[in-house]
Amino acid sequence: ARDLASKMLGHKIFTKQTGASGKDCNKVFIVERKYVRREYYFAILMDRAMQGPVIVASSQGGVDIESVAAENPEAIVKLPVDIKKGLSLESAQGLADKLGFVGNAREEAADTFIKLYKLFLAKDATQIEINPLVETSDHQVMCMDAKFGFDDNANFRQKDVFSLRDPTQEDPREVQAEKWNLNYIGLDGQIGCLVNGAGLAMSTMDIIKLHGGAPANFLDVGGSATAKQICEAFKIISSDAGVSAALVNIFGGIMRCDVVAQGIIDAVKELDLKIPLVVRLQGTNVDEGKKLINESGIAIFPCDDLDKAADLVVKLSDITSLAQKVGVHAKLSLA
Numbered sequence: 568a569r570d571l572a573s574k575m576l577g578h579k580i581f582t583k584q585t586g587a588s589g590k591d592c593n594k595v596f597i598v599e600r601k602y603v604r605r606e607y608y609f610a611i612l613m614d615r616a617m618q619g620p621v622i623v624a625s626s627q628g629g630v631d632i633e634s635v636a637a638e639n640p641e642a643i644v645k646l647p648v649d650i651k652k653g654l655s656l657e658s659a660q661g662l663a664d665k666l667g668f669v670g671n672a673r674e675e676a677a678d679t680f681i682k683l684y685k686l687f688l689a690k691d692a693t694q695i696e697i698n699p700l701v702e703t704s705d706h707q708v709m710c711m712d713a714k715f716g717f718d719d720n721a722n723f724r725q726k727d728v729f730s731l732r733d734p735t736q737e738d739p740r741e742v743q744a745e746k747w748n749l750n751y752i753g754l755d756g757q758i759g760c761l762v763n764g765a766g767l768a769m770s771t772m773d774i775i776k777l778h779g780g781a782p783a784n785f786l787d788v789g790g791s792a793t794a795k796q797i798c799e800a801f802k803i804i805s806s807d808a809g810v811s812a813a814l815v816n817i818f819g820g821i822m823r824c825d826v827v828a829q830g831i832i833d834a835v836k837e838l839d840l841k842i843p844l845v846v847r848l849q850g851t852n853v854d855e856g857k858k859l860i861n862e863s864g865i866a867i868f869p870c871d872d873l874d875k876a877a878d879l880v881v882k883l884s885d886i887t888s889l890a891q892k893v894g895v896h897a898k899l900s901l902a
């Protein structure tokens, strides 16, 4: 065990979940081997449609539940839980029956379901997934693997949970974004996006896809970002070597377009940004924002129409990507 652990500790681990870049291994957990008789799937999730927690379970565990849902949907059991009443022993036993537990394993499974539900509530969880939940050869019911998700807003009262966080296992761009109160999720595309509002951000990514491009990120700067936050957002976008163009799409309500414009100008100057930048500004102080950009002397491509802006940024991205592939430096300027 010591020899095997030494080969993992301090090295990168590559799995399906880590992707090609891998993850640093800081800890190794050593557990007793158990011989499995049957594997099950068990999860507690928040369901918006039902406005509360829902238990999703299956007698087919140890595999992707999505595959089970596609190939054998009748093998999946869903049990909505009344948040006021909780999960009763009767309901838990009924679920154990549907999954095929019998004898002492039935009672142990029901007890496990109730304990997991209590944990879900006590720790402000948004997801608990046990895959597989197993019955061992000696008829013990055990959680052999687990995935937990917690409500970030509960940080203040779940200090014990959030103290376990390990930033080295997270995307460093997402960690940096959180420090500046920015909502960032890295994707696999080539077009960086900077938008205010989650709905507008999703729409912006959709229209980029519609024009044949691929967004490199989801980035919502919120409704009250400062020029410094805008600048930091560009630092995060530009840290992705795969980004070949960027689209800024701002609809100013509380957010002022002149503040965004100043942040863009500061970022381009500070970072010496080389990628083409398409900017669409609408709303509060839009004229002041456009004036700042026009007088900055920076080659920013302004565009009032979102459809045209998306089409333009996709074309600019293609040009830049092609130039990078053949080893040519492409410097684009306004006509």
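Going from the sequence shown to our numbering is simple: count from 1 and add 567.
Glycine included, C-beta positions come from ideal geometry on N, C-alpha and C.
CA-to-CA distance, residue j to residue i, given in whole angstroms
i, j, result
"P739", "I803", "9 Å"
"N861", "G894", "31 Å"
"S626", "E702", "11 Å"
"A902", "K858", "Unreliable positioning characterises A902 in this predicted model, as indicated by a pLDDT of 47, which lies under 50. The coordinate reading is nonetheless provided below. Going from the Cα of A902 to the Cα of K858 covers about 18 Å."
"D755", "D871", "27 Å"
"D807", "K583", "21 Å"
"L646", "Y607", "15 Å"
"E741", "A765", "16 Å"
"T887", "V788", "26 Å"
"E696", "R847", "42 Å"
"D854", "P869", "12 Å"
"A642", "P620", "20 Å"
"D570", "F581", "19 Å"
"N671", "N748", "50 Å"
Burial state of residue i (16 or more Cβ within 10 Å)
i, result
"M575", "exposed"
"F801", "buried"
"R604", "exposed"
"P734", "exposed"
"Y684", "buried"
"G819", "buried"
Coarse secondary structure for residue i, derived from DSSP in three states
i, result
"T703", "strand"
"E633", "helix"
"R673", "helix"
"D787", "strand"
"I860", "helix"
For residue i, the nearest candidate out of the options (CA to CA)
i, options, result
"G657", "G819, G790, I681, I867", "Correcting the residue type first, residue 657 is Glu in the shown sequence and not Gly. That would be I681, whose Cα lies nearest to the Cα of E657."
"Q829", "T582, D874, I867", "I867"
"Q660", "D649, I650, D678, G653", "D678"
"C798", "A765, I832, I817", "I832"
"I611", "F715, V835, M772, S770", "F715"
"L777", "R600, G628, R615, L879", "L879"
"Q849", "V644, C824, L838, L840", "C824"
"V845", "V762, W747, K726, D773", "V762"
"P699", "M709, A692, D691", "M709"
Cβ separation of residue i and residue j, assumed to be a contact under 8 Å, to the nearest whole Å
i, j, result
"A834", "I758", "Not confirmed; about 17 Å, so no contact."
"A876", "L814", "6 Å"
"V644", "K665", "5 Å"
"I622", "L662", "7 Å"
"N784", "I752", "6 Å"
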